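Beneath this line is the structure, given in structure tokens, with notes to follow.
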Amino acid sequence: MPIMKTSSATCRYIGNRSLWFMFALWCACVGVPAHAQTVEYIHTDALGSPIAVTNANQQVIERSEYAPYGDLLNRPDTDGPGYTGHVLDAATGMNYMQQRYYDPSIGRFLSVDPVTALEKPITNFTRYVYALNSPYKFTDPDGREIRISGSQEYKKMVALDIGAIKAGTGGAALVNRLEKSEHVITIQETVQENKTAPSSWDAQVPGRGSDAKVLFDTNSLLGGTDTEGRRARPPYVGLAHEFGHAEEMINGVWKTNNDAPPGGTPPSEVYSMKVENMVRREHGLPERASYYEKDERNEP
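For the sequence shown, the positions run -36 to -1, 1 to 264 when mature numbering (1 follows the signal peptide of the UniProt record, and there is no 0) is used.
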């Protein structure tokens, strides 16, 4: 499946169609060759499964109905986006879900889950099962992703902030490492301060690590004081800082020591500050010299 990417969209070529999606959402398919192109728009449900296709005149030209575990009910299988947005292989009737193939007719994967049994309660964990047997409530990608939890508007804003981070070489490498981890990073809506927390104390066990939850306010325009004495900064800079914490947690090297003098940076913030300043540099923004503010009262 050849792929072409731009700054905000990706095109996958499947058969005689080019399928475009933006920020991981299928949005359109274009018939090729160029002299006879037709544009069709893909509409999905809350799980990401395509349920309708409309043409340029806003007419519905195809509908898709699924059984609970993803079996297509009302039309023959075709190559392209399928159940929960994963690519459907018409020849086998299976969905390719990144690390493994899924058979919707039996609701099971053909190979084991990349997440180990140690990371789930053993009483409800089966390494071939789909979405903990709750297909209306959960999707089961591959255990390797950044997940956004919140309203559709919030998800769009976070996607834009992630896109801004990925605009730089170092930022793109950061997001790529997070997405390739066997752990899941969830970004959740908040109106309070940004913060990141691990799912378990395995976040301090090198080689094991844990999932991480990032509480992120897309409207937060203030951060730590930079080298020019300003606190104003774009929201994506704050998200990059939290990604630094998340990366330590998934790698099992999370630190909790917050001790540092005024104007200093504690061990728990050294790496996240390094990540934040890297993104600042890539966007031409002044860096932060330290995590804690300098105590002006002690100046001579």
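Glycine included, every Cβ here is placed at the ideal spot set by N, Cα and C.
What you are looking at is a predicted structure, and each value in this text was computed from that prediction instead of being measured.
Margin query: Count Cβ pairs between the stretch 109 to 129 and the stretch 176 to 189 that sit closer than 8 Å; are there 3 or more?
Written below: yes
Item checked: Cβ pair R244, V201 closer than 8 Å -> yes
Next item on the list: Return the residue from the list R64, H247 and N215 that minimises the CA-CA distance to A204.
Entry: H247
Item checked: Presumed contact (8 Å Cβ cut-off) between A136 and K130, rounded CB distance -> 4 Å
Check: Closest by CA to S184, which one among P225, G132, Y118 and N215?
Finding: Y118
Next item on the list: Take L52 as the anchor and find which of S13, P99 and Y235 has the nearest alpha-carbon.
Entry: S13
Margin query: Below 8 Å on the Cβ atoms is my contact criterion, and I expect A54 with D43 to pass it. Report the Cβ-Cβ distance as a whole number of Å.
Written below: 5 Å
Next item on the list: Report back the beta-carbon spacing between P162 and M213 to the nearest angstrom; my notes put them in contact at under 8 Å.
Entry: 4 Å
Next item on the list: Measure the alpha-carbon distance for G134 versus A196 and round it to whole angstroms.
Entry: 22 Å
Note to self: The beta strand (DSSP E) that contains I6, what's its start and end?
What the structure shows: V3 to T8
Item checked: C-alpha gap between H209 and Q152, whole angstroms -> 15 Å
Notebook entry, point to check: From which residue to which residue does the alpha helix (DSSP H) around K120 run?
Noted result: Q116 to K130
Item checked: Residue from N38, R252 and Y60 with nearest C-alpha to G227 -> R252
Item checked: Chain-order list of residues whose beta-carbon lies under 6 Å from that of T8 (same chain, five-residue window excluded) -> P14
Checklist line | Those runs of the alpha helix (DSSP H) which lie wholly inside the stretch 7 to 59 and span at least 4 residues | finding: none
Note to self: Rounding to the nearest angstrom, what Cα-Cα distance links N21 and I6 in this structure?
What the structure shows: 13 Å
Next item on the list: Using only alpha-carbon positions, find the residue among R72, G57 and L138 that is nearest to M242.
Entry: L138
Check: Is the beta carbon of N19 less than 8 Å from the beta carbon of E4?
Finding: yes
Checklist line | Neighbourhood of R27 by C-beta, 6 Å cutoff - its chain only, sequence neighbours within 5 removed | finding: A16
Check: Can the beta-carbon of H147 be found less than 8 Å from the beta-carbon of G114?
Finding: no
Check: Roughly how many angstroms separate the alpha carbons of P199 and T189, rounded to a whole number?
Finding: 14 Å
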